[in-house]
Amino acid sequence: MKRLGLLLLSTVVAAPAHGQPGGSQSPTALTCGTLKAESSHTSAGWQWTTSGPAGKTTETGVLKSGPLFECIDGAILVVEFASTAGHAVFTAYFPDGTDISYGRQQVERRGARWVLPIQAKPRIAAAYRAA
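Just so you know, we're using my numbering here: the sequence shown kicks off at 25 and counts up by one.
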């Protein structure tokens with residue numbers, strides 16, 4: 025009887041949770057001031073959600089790897105991803121609800137700083153330009 029109970033318990037523990045694909049990974053999340061990002065791997069690719077003062081946005085895509093989240097100065101949320109087709113995107117979300125996106129080839133990383141095209145300057149609030 026003990027053997028049957030142990031076998032039943034090990035079968036229940038080893039089975040995936042109801043409604044969840046067996047190969048999915050745990051979601052990753054980052055909170056950056058008033059902004060929040062979360063991602064998870066699905067059977068069709070990746071899904072990531074960003075939320076903040078401007079609302080909540082969910083995107084999906086077939087990516088080389090999951091989207092990367094970074095917090096700059098505890099206020100600016102950066103999301104980077106690269107599709108399997110080779111297109112890389114950089115998006116910065118600001119606490120005032122604005123965001124800017126560029127192809128990754130237009131953005132340069134120098135140590136701990138991001139260098140954006142000069143055209144981005146008027147679109148970034150003065151309080152966040154030095155971050």
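Glycine included, each C-beta is placed from N, C-alpha and C at the ideal position.
- Residue environment: V131 is assigned as buried (16 or more neighbouring CB atoms within 10 Å of its CB, all protein chains considered).
- Beta-bridge partners assigned by DSSP to F114: E104, Y126.
- In this structure, G69 lies near L87, with their beta-carbon atoms less than 8 Å apart.
- Look at the beta carbons and you see the segment 138 to 147 not touching the segment 72 to 80: under three pairs across the two are nearer than 8 Å.
- Assigned with DSSP and collapsed to three states, K88 falls in coil, not helix or strand.
- For R153, the secondary structure class from DSSP, reduced to helix, strand or coil, is coil.
- Taking the Cβ atoms as the reference, G90 lies roughly 16 Å from H111, outside the contact range of under 8 Å.
- Under the three-state reduction of DSSP, I148 is assigned to coil, being neither helix nor strand.
- In the DSSP secondary-structure assignment, I96 is bridged to I100.
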